[in-house]
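The sequence shown begins at 188 in our numbering and counts up by one. Think of the CB as a built atom: it goes at the ideal place given N, C-alpha and C, for glycine as much as any other residue. Source: prediction; values computed, not measured. Below: one structure, written as structure tokens.
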Amino acid sequence: MIFETHAHYDDEAFDSDREELLSSMQENGIGHIVNVSASLDSLDRTRELMEQYPFVYGAMGLHPDEVGDMNEAVMQKLRDYCRLEKTVAVGEIGLDYYWEKENHETQRYWFERQLELAREEKLPVIIHSRDAAADTLQVMKACRADEIGGVVHCFSYSREMAGEYLKMGLYLGIGGVLTFKNARKLREVVEYAPLDQLLLETDSPYLAPVPYRGKRNSSLYIPLIVQQIAEIKHLSCEEVIEQTEQNAMQLFLT
Ligand SMILES: [Zn+2]
Numbered sequence: 188m189i190f191e192t193h194a195h196y197d198d199e200a201f202d203s204d205r206e207e208l209l210s211s212m213q214e215n216g217i218g219h220i221v222n223v224s225a226s227l228d229s230l231d232r233t234r235e236l237m238e239q240y241p242f243v244y245g246a247m248g249l250h251p252d253e254v255g256d257m258n259e260a261v262m263q264k265l266r267d268y269c270r271l272e273k274t275v276a277v278g279e280i281g282l283d284y285y286w287e288k289e290n291h292e293t294q295r296y297w298f299e300r301q302l303e304l305a306r307e308e309k310l311p312v313i314i315h316s317r318d319a320a321a322d323t324l325q326v327m328k329a330c331r332a333d334e335i336g337g338v339v340h341c342f343s344y345s346r347e348m349a350g351e352y353l354k355m356g357l358y359l360g361i362g363g364v365l366t367f368k369n370a371r372k373l374r375e376v377v378e379y380a381p382l383d384q385l386l387l388e389t390d391s392p393y394l395a396p397v398p399y400r401g402k403r404n405s406s407l408y409i410p411l412i413v414q415q416i417a418e419i420k421h422l423s424c425e426e427v428i429e430q431t432e433q434n435a436m437q438l439f440l441t
């Protein structure tokens with residue numbers, strides 16, 4: 188079954204039909220979902236979702252746009268939440284120089300602190316990196332992310348940069364962007380990367396694949412992404428689903 192490695196079902200975009208939607212996942216071939224927290228508020232909402240649904244797991248962390256809310260008390264809360272039974276990762280954490288809501292120094296500081304937390308709690312990381320390729324790689328290398336393990340979610344950089352992360356043994360998260368017309372660079376990355384280092388994701392409610400681009404996304408659209416990967420790599424959809432499921436099990440559930 189499909190392993191959805193990155194969604195935000197705590198988002199208000201799902202307030203009207205969250206329960207109905209999540210209850211329909213398993214019958215539609217979605218076996219596991221990692222709900223990824225981003226803001227301080229979403230830590231508790233992620234916790235509720237993973238307690239409510241047996242197939243939902245959680246990632247705990249503060250997104251680079253949200254690290255203005257960080258302090259030692261929040262770090263302690265994160266540490267406590269890392270120890271919950273169904274927490275499978277620290278994330279999403281990283282650097283975002285596109286929105287630049289917090290200055291680079293602040294972002295880097297809390298990125299490094301959360302990488303350390305993951306190492307101490309023996310959890311993999313879910314990395315968000317936008318317009319910050321060089322600095323992200325530099326921090327990841329300095330913090331020995333190769334030993335921590337994890338995924339660069341919604342991978343958006345070049346093939347060369349992909350090679351750097353693959354060498355470190357990290358996974359690349361592939362989502363709806365792969366179906367966009369202007370996704371030439373990402374197609375090259377998917378062609379180049381071994382299937383056993385790719386993960387399926389949506390970033391729901393964002394980044395819906397074509398033909399739903401611009402609308403609310405959900406894990407139910409993952410088959411559209413699978414189809415693209417299968418075409419690029421000359422494989423069947425079943426092979427893509429099976430291998431990426433194994434990859435995610437290996438990273439998050441073993
Ligand atoms: Zn996300």
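- Taking each of Lys372, Ala320, Gly362 in turn and checking the Cα distance to Ile409, the smallest one comes out for Gly362.
- At a Cβ-Cβ threshold of 9 angstroms, Ile313 and Gly248 count as neighbours.
- The beta strand (DSSP E) runs lying completely inside the region 336 to 406 and spanning 3 residues or more are 337 to 339, 358 to 361, 385 to 387, given in chain order.
- Here Pro251 is buried. Its C-beta has 16 or more other C-beta atoms within 10 Å.
- By DSSP's assignment, Asn222 forms a beta bridge with Ala194, Gly245.
- Distances from the CB of Tyr393 to the heavy atoms of ligand 1 include at least one below 8 angstroms.
- By the CB criterion at 9 angstroms, Glu191 and Glu429 fall outside the cutoff.
- Around the beta carbon of Gln294, a 10 Å sphere encloses 16 or more other beta carbons of the protein chains shown; the residue is thus reported as buried.
- Relative to ligand 1, the nearest heavy atom lies less than 8 angstroms away from the CB of Asp390.
- Of the other Cβ atoms in all chains shown, fewer than 16 fall within 10 Å of the Cβ of Glu259; this residue is therefore exposed.
- Here Leu353 has Leu359, Ala380, Pro381, Gln384 as same chain residues with Cβ atoms under 8 angstroms from its own Cβ, once five neighbours each way along the sequence are excluded.
- Between Glu279 and His340 the beta-carbon gap is near 6 angstroms, inside 8 angstroms, which marks them as a contact.
- If the five residues before and after Tyr399 are omitted, its C-beta is found closer than 7 angstroms to the C-beta atoms of Tyr408, all from its own chain and listed in chain order.
- Distance from the CA of Glu287 to the CA of Arg205, rounded to the nearest whole angstrom, comes to 31 angstroms.
- Residue pairing by DSSP places His315 opposite Gly281 in a beta bridge.
- DSSP places Thr431 in the helix class (H, G or I) of the three-state scheme.
- Closest option to Leu357, judged by alpha-carbon separation, among Asp333, Met348, Leu365: Asp333.
- For Glu303, the enclosing alpha helix (DSSP H) covers residues 291 to 308.
- Ala435 has its CB no nearer than 8 angstroms to any heavy atom of ligand 1.
- Only exposed fits Gln239, as fewer than 16 other CB atoms lie within 10 angstroms of its CB.
- By the Cβ rule, the region 369 to 378 does not count as touching the region 390 to 397, because fewer than three pairs are nearer than 8 angstroms.
- DSSP places Thr233 inside the alpha helix (DSSP H), whose first and last residues are 227 to 239.
- In this structure Asn222 is in contact with Ala194, their Cβ atoms being roughly 6 angstroms apart against a cut-off of 8 angstroms.
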